[in-house]
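Asker: Numbering (the numbering used here), first residue to last: 1144 to 1749.
Think of the CB as a built atom: it goes at the ideal place given N, C-alpha and C, for glycine as much as any other residue.
Computed from a predicted model, the values in this text were never measured in an experiment.
Okay, here's the structure, questions in a sec.
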Amino acid sequence: MCGIVGYIGKKDCTKILLDSLSKLEYRGYDSAGIAVFENSEIRVEKTKGRIAQLEEKIHRNGWINGSCGIGHTRWATHGEPSDVNSHPHGNANISIVHNGIIENYSKIKAFLETKGYVFESQTDTETVAKLLDYYYNGDPIDAIRNVISDIEGSYALGILFKDFPNKIYAVRKDSPLIVGVGDDEAFIASDIPAFLKFTNKYYLLETNEIVVLDNGKAEIFDKHGFTIQKELMVADWDMEAAEKGGYEHFMLKEINEQPSAISSTISPRIADGMPNLNECGLTQEKLASYSNIFVVACGTAMHAGLVGKYVIEQIGRIPVTVDVASEFRYRNPIITNKDLVIVVSQSGETADTLEALRLSKKMGADTLAIVNVVGSSISREADMVIYTHAGLEISVASTKAYSVQIAVFYLLAFELAYAKGAISKEECMRLTKELESVPAMLEIVLKQDVICKYVASTLVNAENLLYIGRGLDYAMSMEGSLKLKEISYIHSESYAAGELKHGTISLVTDAMPVIAVATQRNLFDKTVSNAKEVKARGGKVIFVTHNYINVDDDVADYKIGLPTIDDLLMPMLTVVPLQLIAYYTSVLRGNDVDKPRNLAKSVTVE
Ligand code: F6R
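Dropping the structure here:
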């Protein structure tokens, strides 16, 4: 979703803002703009379209020479993508960029209209710009404090005041914004990659803290206007993490990073062959004490929760309910202080997941966040946090973040099952050892690249696709289907294989390929029967199963084989060919793999 950057220093600000915005392209956007101080005036350039178009426009209109400014990539919420709706908004005296949604903007707009303000865009952001102008009486902090006490919703704001050339003001609530500090220069940004080339030191801003960047320094004020000292954080990512490193796309790079990402996630959490999650305060006694577990998340993170449900219920014997966060928060869920709510999020900023977490806390449940981005809102608000250590995930389609999330669920399930006495220490150690073998197994699976590419070539002209599976394979079908549809734009659905004949099989024709996932050997024969039913109706079947299992012609057209580990852990291997099939199908269809249309990496609005 929208990306914000800001720079103050001695370098060419326009160049840095454009470069920093390009590092946030992965967040998804449809227009871009910047505002830079030039000879003490604020000059704004903005356009619908890509950053390259913005750069062209700036070249056409004359480069903006300055060393302090703000920039924005907009993902449209209020009003279509257009030049006028693009950020920055404001006037000759005040210029702002905004990420988030101002929920009461209509009311504020109506009020400002009575004061003579005229609006030209359809955005909620213009209301904030005009409200700032209304309150401004020479003191920017005062004006900002008044504005944030009036507006409702989520916001990260970067602001320039003409009266204070070479200063940047910023504030946030429920939308990410961090402050980077380098040598004689400072930045604001929605995410670290925007300034990682220049510095890896940054401050996190809490709700309604106001930062002023001045002369390359950052001064931070609390909501009452008092200066505060904050801990300077250091990102352990380097530029390599933010570059493609020889791969054609970030998605392919991130798929290939899964073995090392999983090792980083699990290694520090295994001691003497046993899982150990004490670091987050989740003792074995606590784990064994919960009556119910809820997993709440969105999209791919929710699919990771489904794997968690199967595994925890299978070996830990605690009921697990998995919810889409946007449903959970409005369905008046029945949770108590005997329950554990696990929220899962790569970004740690997903608006619905964050609200679901807040609701769960209010209802008295213990909350555990499985999060990738260190210091993100969800990680800061949950009672307990397990960081997944996947490193930077840039491609919009989540791959390695999913794998590490399920790796955490395995550790959790093993420890919980042992704590409850549902499995012996020997069994717990055996399963943990199997998990430790996954990275090496994955290196083998990644070599299936060629077959996945071939299968993709058979799907490239399909308009519809089905994914089927049972048990854990059904959870994998859901993730495989989402991955394919979001980047290839082929319509696809996942179905519990046994459910197919209750309606959906009527869709099966020779134009409807079916990917059948069958790694759970206790369910294998049943899925084979379902695949045969598809084949008998002219459908083309791609069968994903163990390497050693032979698949007859009346079952499948193509087989993708996987090495064998304990069936419970097969999802860790199964996901890779599903990701690769989606990836190559998207490439072959000529799509923008890393930035699929209409999607944003971090969904900070509900
Ligand atoms: C799909 C995808 C999304 C995210 C979802 C949640 O590839 O990436 O479905 O999984 O938007 O995002 P996070 O994990 O950041 O909360």
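In the DSSP output, what is Gly1214 paired with across the bridge?
Answerer: Paired residues: Val1148, Ile1177.
Asker: My guess is that Trp1206 and Ala1743 are in contact by the Cβ rule of under 8 angstroms, so how many angstroms apart are they, rounded?
Answerer: Incorrect: roughly 30 angstroms between the Cβ atoms, too far for contact.
Asker: Using 8 angstroms as the threshold, is the segment 1155-1175 in touch with the segment 1533-1551, meaning 3 or more CB pairs across them?
Answerer: They touch, by the three-pair rule.
Asker: Which residues share a DSSP beta bridge with Phe1686?
Answerer: In the DSSP output, where bridge partners are listed per residue, Phe1686 has Ala1659, Lys1702.
Asker: May I ask you to report which of helix, strand or coil DSSP gives Leu1596?
Answerer: Looking at the sequence itself, residue 1596 is Lys, so the reference to Leu does not match. Of the three classes helix, strand and coil, the one that applies to Lys1596 here is helix, per DSSP.
Asker: Could you tell me the alpha carbon to alpha carbon distance between Lys1191 and His1202, rounded to whole angstroms?
Answerer: The alpha-carbon atoms of Lys1191 and His1202 are separated by roughly 16 angstroms.
Asker: Any idea what DSSP makes of Phe1369, helix, strand or coil?
Answerer: Of the three classes helix, strand and coil, the one that applies to Phe1369 here is coil, per DSSP.
Asker: Please name the residue or residues paired with Gly1612 in a DSSP beta bridge.
Answerer: DSSP, once it has assigned bridges, lists Ala1639, Val1660 as partnering Gly1612.
Asker: Please classify Glu1181: is it buried, with 16 or more other beta-carbons within 10 angstroms of its beta-carbon, or exposed?
Answerer: So Glu1181 counts as buried.
Asker: Does the ligand F6R have even one heavy atom less than 7 angstroms from the beta-carbon of Ser1745?
Answerer: Checking the Cβ of Ser1745 against the ligand F6R gives yes.
Asker: Is the separation between the beta-carbon of Tyr1298 and that of Ile1245 shorter than 8 angstroms?
Answerer: Closer than 8 angstroms, so yes.
Asker: Please report the residue range of the alpha helix (DSSP H) in which Lys1452 lies.
Answerer: Note, Lys1452: alpha helix (DSSP H), 1442-1454.
Asker: Distance check for Thr1662 and Asp1696, CA to CA, integer angstroms please.
Answerer: Using only the alpha carbons, I get a separation of about 18 angstroms.
Asker: For a test of the three-state rule: what should DSSP assign to Ile1413, helix, strand or coil?
Answerer: Note: Ile1413 maps to strand in three-state DSSP.
Asker: When the Cα atoms are used, what is the spatial distance from Phe1254 to Leu1275?
Answerer: Phe1254 and Leu1275: Cα-Cα distance of roughly 13 angstroms.
Asker: Would you list the residues sitting across from Arg1186 in a DSSP beta bridge?
Answerer: Arg1186 pairs with Val1179.
Asker: Taking 7 angstroms as the line, does the beta carbon of Gly1518 fall inside it for any heavy atom of the ligand F6R?
Answerer: Result no, Cβ not under 7 angstroms from the ligand F6R.
Asker: Would you identify the three-state DSSP class for Ser1264, choosing helix, strand or coil?
Answerer: Ser1264: coil per DSSP, three-state reduction.
Asker: Determine the burial state of Thr1443: buried for a count of at least 16 other Cβ atoms within 10 Å of its Cβ, exposed for fewer.
Answerer: The residue in question, Thr1443, is buried, as its Cβ has 16 or more Cβ neighbours within 10 Å.
Asker: Just checking Thr1510 against the ligand F6R - is the residue's beta carbon closer than 7 angstroms to any of the ligand's heavy atoms?
Answerer: No, since every heavy atom of the ligand F6R falls outside the 7 angstroms radius drawn around the Cβ of Thr1510.
Asker: Select from Ile1692, Thr1479, Tyr1727, Ala1679 the residue whose C-alpha is nearest the C-alpha of Glu1629.
Answerer: With distances taken between Cα atoms, Glu1629 lies closest to Tyr1727.
Asker: Which first and last residues belong to the beta strand (DSSP E) in which Ser1225 is found?
Answerer: Here Ser1225 belongs to no beta strand (DSSP E), and DSSP marks it neither H nor E.
Asker: For the alpha helix (DSSP H) containing Leu1731, name the first residue and the last one.
Answerer: Per DSSP, Leu1731 belongs to the alpha helix (DSSP H) from 1714-1731.
Asker: According to DSSP, simplified to helix, strand and coil, what is Phe1437?
Answerer: In the structure shown, Phe1437 sits in a strand (DSSP, three-state: E or B).
Asker: Is the CB-CB distance between Gly1359 and Phe1341 below 8 angstroms?
Answerer: No, Cβ-Cβ distance for Gly1359 and Phe1341 is not below 8 angstroms.
Asker: Please check the pair Ile1185 and Lys1305, which I expect to be a contact at CB under 8 angstroms, by giving their CB distance rounded to whole angstroms.
Answerer: So it is a contact: roughly 5 angstroms between Cβ atoms.
Asker: Taking the alpha-carbon of Pro1231 as reference, which of Glu1199, Asp1267, Tyr1260, Lys1258 has the nearest alpha-carbon?
Answerer: Ranking the options by Cα distance to Pro1231, first place goes to Asp1267.
Asker: Within the present structure, is the beta-carbon of Thr1496 separated from the nearest heavy atom of the ligand F6R by less than 7 angstroms?
Answerer: Indeed, a heavy atom of the ligand F6R lies less than 7 angstroms from the Cβ.
Asker: Label Ala1499 either buried or exposed according to how many other C-beta atoms from any shown protein chain fall within 10 Å of its C-beta, with 16 as the threshold for buried.
Answerer: When all chains shown are included, Ala1499 counts as buried.
Asker: Near Tyr1277, what residues of its chain come up, given a Cβ to Cβ distance below 8 angstroms and the 5 sequence neighbours on each side ignored?
Answerer: Here the set comprises Leu1255, Lys1258, Tyr1260.
Asker: How should Ile1371 be labelled, buried or exposed, when 16 other C-beta atoms within 10 angstroms of its C-beta is the threshold for buried?
Answerer: With fewer than 16 other Cβ atoms within 10 Å, it is exposed.
Asker: Please report how far the alpha carbon of Met1655 lies from the alpha carbon of Leu1395, in whole angstroms.
Answerer: Approximately 26 angstroms, taken between the alpha carbons.
Asker: Let me check one thing: in DSSP terms, what residues is Met1527 bridge-paired to?
Answerer: Answer is Leu1511.
Asker: Quick check: is any heavy atom of the ligand SAM less than 7 angstroms from the C-beta of Thr1443?
Answerer: Absent from the structure shown: the ligand SAM. Ligands present: the ligand F6R.
Asker: Mind checking Asp1735: buried by the 16 CB within 10 Å criterion, or exposed?
Answerer: Exposed is the call here.
Asker: When you compare only the Cα positions, how much space is there between Ile1398 and Asn1280?
Answerer: Approximately 53 angstroms between the Cα atoms of the pair.
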